[in-house]
Amino acid sequence: MSLFPDGAGPDPRAALGVLHRVEDSPTGPYILMQSRHRPDLARLPEDYGTAAVRDIGPLLSTLRSGAHLHFRCTANPVRKPGASTRALYDLPAVVPLTGAHADEWWMRQADTAGLKVLTLHSQPLDSATGIRGQRGADQQRIRHARTRFDGTAAVIDPDRLREKLIDGIGRGKAYGCGLLTIAPARTGEGGTRT
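Just so we're aligned, residue 102 is where the sequence shown starts under the numbering used here, counting upward by one.
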């Protein structure tokens, strides 16, 4: 958040639409970040590494129904049981999902995002942790179980997909969850080019 101006309100991440994800590569980790406001890369430490800004507007404008694409999203799949279910089974307010339950969660999220999933591979990741609140009694330890979802999909509703690409998916966005990225599928990979 240090790359953005101060004064963005009580929840600057949401106000500026900042989403991010850490990816591993053969040359080491890198950060993908997306926002509604252009980051000031001059605020990075001098020896931070290589940084570049790209506009996703052209990608968003080419989305059309029926196009096939690859997707990736590291997300926090959870279920929020009702009060009576929580009391009956002594469950917390938010239950992390894994395995087939996480996959079912993703299928619902993808549908809401205007996608029809064609292939899916999910992989559990280490939990994202942090501290929420001011120092002292208000502090709360936060833990977000994470799963990475990769696969191919057909675009069913380009407008809903644009919205989810900009707003992100699910909870834990401040902790590297929710950034949905897409790439066109080549001809022969189950679809046409976008």
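Glycine is no exception: its CB is placed at the ideal position from the N, C-alpha and C atoms.
Local conformation of residue i per DSSP, three classes
i           : result
residue 280 : coil
residue 287 : coil
residue 120 : strand
residue 115 : helix
Cut-off 6 Å between Cβ atoms - residues of its own chain near residue i, not counting five sequence neighbours on either side
i           : result
residue 258 : 215
residue 292 : Interpretation of residue 292 is limited by its pLDDT of 47, a score under 50 that renders its predicted location unreliable; no figure is taken from the coordinates.
residue 283 : 170 and 172
residue 195 : 179 and 181
Member of the options whose CA lies at the smallest distance from the CA of residue i
i           : options               : result
residue 153 : 132, 168, 170 and 159 : 132
residue 266 : 149, 109 and 161      : 161
residue 246 : 180, 157 and 155      : 180
residue 221 : 203, 117, 260 and 134 : 203
residue 182 : 192, 176, 174 and 175 : 192
residue 213 : 130, 281, 144 and 142 : 281
residue 279 : 201, 121 and 159      : 121
residue 166 : 271, 275, 256 and 143 : 256
C-beta atoms of residue i and residue j nearer than 8 Å
i           : j           : result
residue 225 : residue 248 : yes
residue 123 : residue 136 : no
residue 230 : residue 209 : no
residue 104 : residue 164 : no
residue 127 : residue 134 : no
residue 186 : residue 277 : no
residue 114 : residue 274 : yes
Close-in-space but distant-in-sequence residues of the same chain around residue i (CB under 7 Å, 5 per side omitted)
i           : result
residue 206 : 178 and 198
residue 218 : 208, 211, 252 and 254
residue 116 : 109 and 110
residue 138 : 105 and 117
residue 144 : 103 and 104
Other residues of its chain near residue i: CB distance less than 8 Å, five sequence neighbours each side excluded
i           : result
residue 234 : 240 and 241
residue 260 : 215
Near the ligand FAD: residue i beta-carbon under 7 Å from a heavy atom
i           : result
residue 168 : The ligand FAD is not among the ligands present in this structure, which contains no ligands whatsoever.
Go through the region 127-208 residue by residue and report every complete run of the alpha helix (DSSP H) that reaches 4 residues or more, in order. If only complete runs of 4 or more residues are kept, the region 127-208 shows the alpha helix (DSSP H) at 158-163 and 184-190, in order along the chain.
If we require 4 or more residues per run, which alpha helix (DSSP H) segments fall completely within the region 212-276? Listed in chain order, they are 259-268.
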